[in-house]
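Q:
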Amino acid sequence: MSLELKGITKSFGALVANDGIDLSVNRGEIHAILGENGAGKSTLMNIVYGLLQPDSGEIRVDGKVVTIHEPSDALAVGIGMVHQHFMLIPVFTVLENIVLGHESTSKIGKLKLSEAREKLLALAADFGFEIDPDAYIENLPVGVQQRVEILKALIYDAKVLILDEPTAVLTPQETDELIEVMKRLRSQGTSIIFISHKLREVKAVSDRITVIRRGKVVASADPSSSQEELASLMVGRPVNLMPDKKRPNPGAPILEVKDLVVLDPSGRPLVSDVSFTVHAGEVLAIAGVQGNGQSELAEAVVNLQAHIRGSIELGGVQLIGKSVHDSLHEGIAYVPESRELDGLIGSFSIAENLILDTHREAPYAKGITLSPKAVATRAEVQVKEFDIRAQSIQDPVTSLSGGNKQKVVLARELSRPVKLLVASQPTRGLDVGSIEFVHERILAERDAGRAVLLFSTELDEVTALADRIAVMYAGKILAIVDATVSREELGLLMAGVKK
Ligand SMILES: Nc1ncnc2c1ncn2[C@@H]1O[C@H](COP(=O)(O)OP(=O)(O)OP(=O)(O)O)[C@@H](O)[C@H]1O
Ligand SMILES: [Mg+2]
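With our numbering applied, the sequence shown covers 682 to 1180.
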């Protein structure tokens, strides 16, 4: 099936998110869309999938104009989508999620539970996925949740599959597996629209690339273009993909973690006997395959984990036993892994989200209320500095694009005068230009004498920023190595192999 978009235009108030976009996707083609945070990629895909209505323009399937008012219309003509933020319901099972929302849609027919189960199992077997139809979504790793999303599209015979940043939350291994699935679908004639900020993958898998900037198509690029070429097409200027790192000048110990144990509610250790020190003026990266205790360790440092034992000292002050608020107040800036859940308050404005931790302090607090002027002044400065693409700082933070939400958390946390920065996956979902900026900013924090504890599953990021690298495996720190370690050795350590 071929898909053609002609002159798609969509405005939100004064902002033109899509400005006369033309795009054609051939049968059996992987077509990548590249663009900065806020360029309009998700908006365009939501239009194709029927979640948004365009102001003007048309969508053609195999040459014929189609009307898509809602997702069931899209599915009926063979268009499926996996969203940037998963749309599954955590307390429902895999099977329930798959039939959900389509029970009443006559156009694609009612799929009975028993029928759906059979189709699901057949499809999963076909792709070599291990899926338990009765497992609850909330108990599944993200990589598996995403497969459920993909199967949900395929079970309704999607011939054009839209994948909006599918790899942002995947481990490198899960990404490789997804790429295999994409190639397999392509060989069966399915077309894929692939959105990603990771240029390495885009080059590896796509047949054609379209670049969007500020709502307009600005270029078509060949997958053989270099990462630098693609980056500058996207951002409109040259991008330095590798930050310049000065020699480290480590000072006194700032964070000292000793014999730390984190247990799950049933008493099983998630982090076992972990000890390390981060000095002033140093970046210590915690690397490892996702799910080896890094998230729990990051949360433990700011007291977001309940069952912990051992010692965590910040500048000589014991943090264990303190509340999250008091721990942060000892001088920690914290960029959480899941900002949608922990980093932002959706119903608050962008400006309010920018002062979440400091709202009780001057100059923002005025008695028990906030000073709107002080809040706005600070927000304007940060929006500019971090290039947060927003129409108004008074808009709800939910109106921002995925990457721009992330920038709100970063702007808030990287602007606080602290001793220690704890950053979990700080550049997840960011475009290459923003990654360049955040990397420079993290190194500036280090050069200003702060201690930085970085959690990242991106090897390139770890080696670019870290002075020392601690590799976690099965809840333990397997080794702490110098940042000059080779990619191969790091890969082996991450797989649990110690020489
Ligand atoms: N419901 C909405 N109301 C107001 N503005 C919106 C809404 N949805 C999107 N926008 C704006 O439209 C622009 C395009 O957003 P979109 O989500 O399409 O970007 P994107 O290219 O997917 O970015 P990212 O890479 O960060 O995911 C942004 O400036 C965003 O703030
Ligand atoms: Mg998006």
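All C-beta atoms in this analysis are idealised placements derived from N, C-alpha and C, irrespective of residue type, glycine included. Owing to the predicted nature of the structure, the values given are computational and were not obtained by experimental measurement.
(1) Check the C-beta distance from Q826 over to L769 and give it rounded, since I have them as a contact under 8 Å.
(2) Hey, would you say P877 sits closer than 8 Å to A713, going by beta carbons?
(3) Following the continuous beta strand (DSSP E) through E717, name the residue where it begins and the one where it ends.
(4) Near L880, what residues of its chain come up, given a Cβ to Cβ distance below 6 Å and the 5 sequence neighbours on each side ignored?
(5) Is it true that the segment 1113-1130 meets the segment 722-738, where meeting means three or more beta-carbon pairs spaced less than 8 Å apart?
(6) In three-state terms, what does DSSP make of P853?
(7) Measure the CB-CB distance between G972 and P847 and report whether it falls below 8 Å.
(8) Check whether the Cβ of S1082 lies closer than 7 Å to any heavy atom of ligand 2, and answer yes or no.
(9) Closer than 7 Å to a non-hydrogen atom of ligand 2 - does that hold for the CB of K722?
(10) Could you give the residue range of the beta strand (DSSP E) that holds L1081?
(11) Report, in whole angstroms, the separation of the C-beta atoms of G761 and A834, which I expect to be a contact under 8 Å.
(12) Closer than 7 Å: is that where the CB of L696 sits relative to any heavy atom of ligand 1?
(13) For the alpha helix (DSSP H) that contains K1157, what are its first and last residues?
(14) Should N718 and N1085 be called a contact, given that it needs their Cβ atoms to be closer than 8 Å?
(15) Does the segment 738-753 come into contact with the segment 912-921, if we say contact requires no fewer than three beta-carbon pairs (one atom in each stretch) closer than 8 Å?
(16) Quick one: what's got a C-beta closer than 7 Å to T786's C-beta in the same chain, skipping five residues either side?
(17) Would you mind giving the Cβ-Cβ distance between A1092 and F1067, rounded to the nearest angstrom? I have them listed as a contact below 8 Å.
(18) Let me make sure I understand the geometry here. Which of G716, V1016, A1160 has the alpha-carbon closest to that of S901?
(19) Ligand 2 and D743: does the residue's C-beta get closer than 7 Å to at least one heavy atom of that ligand?
(20) Could you check if Q1075 is buried or exposed, using at least 16 other CB atoms within 10 Å of its CB as the buried criterion?
(21) Does the segment 837-851 touch the segment 802-816, meaning 3 or more C-beta pairs lie closer than 8 Å?
(22) With respect to the alpha helix (DSSP H) encompassing I989, which residues constitute its N-terminal and C-terminal limits?
(23) Determine the direct distance from the alpha carbon of E1170 to that of V982, and round the result to whole angstroms.
(24) Pick helix, strand or coil for V841, following the three-state DSSP scheme.
(25) Classify T1165: buried if its beta carbon has 16 or more other beta carbons within 10 angstroms, exposed otherwise.
(26) So which of E796, A968, D888 has the shortest CA-CA distance to R1168?
(27) Taking 7 Å as the cut-off, does the CB of D1112 come closer than this to any heavy atom belonging to ligand 1?
(28) Run the CB neighbour count on H764, radius 10 Å, all protein chains shown included, and call it buried at 16 or more, exposed below.
(29) For the alpha helix (DSSP H) containing I1123, list its first residue and its last residue.
(30) For ligand 2, any of its heavy atoms closer than 7 Å to the Cβ of D1068?
(31) From this set, V942, K939, E777, which residue's C-alpha is nearest A816's C-alpha?
(32) So is E1061 buried or exposed if we call it buried at 16+ other beta carbons inside 10 Å?
(33) CB of Q765 to nearest heavy atom of ligand 2: below 7 Å?
(34) Is E846 near ligand 2 - that is, is its Cβ less than 7 Å away from at least one heavy atom of it?
(35) How would you call G688, buried or exposed, if buried means at least 16 neighbouring beta carbons within 10 angstroms?
A: To lay it out plainly:
(1) To locate residue 826, count along the sequence shown from 1; it is residue 145. To locate residue 769, count along the sequence shown from 1; it is residue 88. Indeed, because the Cβ distance is near 6 Å, the residues count as touching under 8 Å.
(2) Within the sequence shown, residue 877 is the residue found at index 196, counting from 1. Within the sequence shown, residue 713 is the residue found at index 32, counting from 1. Per the sequence shown, residue 877 should be read as Ser rather than Pro. The answer is yes: Cβ separation under 8 Å.
(3) Here residue 717 corresponds to residue number 36 of the sequence shown, with the count starting at 1. It is not in any beta strand (DSSP E) - E717 carries neither H nor E in the DSSP assignment.
(4) For this step, residue 880 is matched to residue 199 along the sequence shown. Closer than 6 Å at Cβ, skipping near neighbours: Q908, L911.
(5) Judged by pairs of C-beta atoms under 8 Å, the segment 1113-1130 does not touch the segment 722-738, as fewer than three such pairs exist.
(6) Within the sequence shown, numbered from 1, the residue matching residue 853 stands at position 172. Looking at P853 - three-state DSSP - the assignment turns out to be helix.
(7) Counting from 1 along the sequence shown, the entry for residue 972 is found at position 291. Counting from 1 along the sequence shown, the entry for residue 847 is found at position 166. In this structure, G972 keeps its C-beta atom at 8 Å or more from the C-beta atom of P847.
(8) Translated into positions along the sequence shown, residue 1082 becomes position 401. Answer for S1082: yes, Cβ within range of ligand 2.
(9) Here residue 722 refers to the residue found at position 41 when the sequence shown is read from its first residue. Proximity of the beta carbon of K722 to ligand 2 is indicated: a heavy atom of the ligand is located closer than 7 Å.
(10) Here residue 1081 refers to the residue found at position 400 when the sequence shown is read from its first residue. Careful: L1081 lies outside any beta strand (DSSP E) and carries neither H nor E.
(11) Here residue 761 refers to the residue found at position 80 of the sequence shown. Here residue 834 refers to the residue found at position 153 of the sequence shown. Indeed, because the Cβ distance is near 3 Å, the residues count as touching under 8 Å.
(12) On the sequence shown, position 15 is the one that residue 696 refers to. Yes; taking the cut-off as 7 Å, the Cβ of L696 has a heavy atom of ligand 1 nearer than that.
(13) In the sequence shown, residue 1157 corresponds to position 476, counting from 1. Careful: K1157 lies outside any alpha helix (DSSP H), inside the beta strand (DSSP E) at 1157-1163.
(14) Residue numbering aside, residue 718 sits at position 37 when the sequence shown is read from its first letter. Residue numbering aside, residue 1085 sits at position 404 when the sequence shown is read from its first letter. Yes, these two residues count as a Cβ contact at 8 Å.
(15) In short, these stretches do not touch, since the Cβ pair count stays below three.
(16) To locate residue 786, count along the sequence shown from 1; it is residue 105. Only weak support exists for where T786 lies, its pLDDT of 47 falling under 50; the value from the coordinates is given anyway. Within the same chain, Cβ atoms closer than 7 Å to the Cβ of T786 are found at S753, the five residues on either side in sequence being excluded.
(17) Along the sequence shown, read from residue 1 onward, the residue named residue 1092 stands at position 411. Along the sequence shown, read from residue 1 onward, the residue named residue 1067 stands at position 386. Yes, they are in contact, since the Cβ atoms of A1092 and F1067 sit about 4 Å apart, within 8 Å.
(18) Locating residue 901 in the sequence shown gives position 220, where the first residue counts as 1. The closest CA to that of S901, considering only G716, V1016, A1160, is found on G716.
(19) Against the sequence shown, residue 743 aligns to sequence position 62. Flag unset: Cβ of D743 not near ligand 2.
(20) For the purposes of this step, residue 1075 is identified with residue 394 of the sequence shown, where counting begins at 1. Exposed, because fewer than 16 other Cβ atoms sit within 10 Å of the Cβ of Q1075.
(21) No: fewer than three Cβ pairs fall under 8 Å.
(22) The residue you call residue 989 lines up with position 308 of the sequence shown. Element bounds for I989: not the alpha helix (DSSP H) but the beta strand (DSSP E), 988-995.
(23) Working through the sequence shown from its first residue, we reach residue 982 at position 301. Working through the sequence shown from its first residue, we reach residue 1170 at position 489. Distance between the alpha carbons of V982 and E1170: 27 Å.
(24) Position 160 of the sequence shown holds residue 841. If DSSP states are grouped into helix, strand and coil, V841 belongs with the strands.
(25) Here residue 1165 corresponds to residue number 484 of the sequence shown, with the count starting at 1. It counts as exposed.
(26) In the sequence shown, residue 1168 corresponds to position 487, counting from 1. When each option's Cα is compared against that of R1168, the closest is A968.
(27) On the sequence shown, residue 1112 is found 431 positions in, with the first residue counted as 1. At least one heavy atom of ligand 1 is nearer than 7 Å to the Cβ of D1112, so yes.
(28) Within the sequence shown, the letter at position 83 stands for residue 764. It is buried - the Cβ of H764 has at least 16 other Cβ atoms within 10 Å.
(29) Residue numbering aside, residue 1123 sits at position 442 when the sequence shown is read from its first letter. Per DSSP, the continuous alpha helix (DSSP H) segment holding I1123 begins and ends at 1113-1128.
(30) Residue 1068 sits at position 387 when you count from the first residue of the sequence shown. Checking every heavy atom of ligand 2 against the Cβ of D1068, none is found closer than 7 Å.
(31) Taking the sequence shown and counting its residues from 1, the one referred to as residue 816 is at position 135. Measuring from the Cα of A816, the nearest candidate turns out to be E777.
(32) Here residue 1061 is taken as the residue at index 380 of the sequence shown, counted from 1. By the Cβ neighbour-count rule, E1061 is exposed, with fewer than 16 other Cβ atoms within 10 Å of its own.
(33) What you label residue 765 is simply residue 84 of the sequence shown in a count that begins at 1. Yes, Cβ of Q765 sits closer than 7 Å to a heavy atom of ligand 2.
(34) Counting from 1 along the sequence shown, the entry for residue 846 is found at position 165. If you check the C-beta of E846 against ligand 2, you find a heavy atom less than 7 Å away.
(35) The sequence position of residue 688 within the sequence shown is 7, counting from 1. Exposed, because fewer than 16 other Cβ atoms sit within 10 Å of the Cβ of G688.
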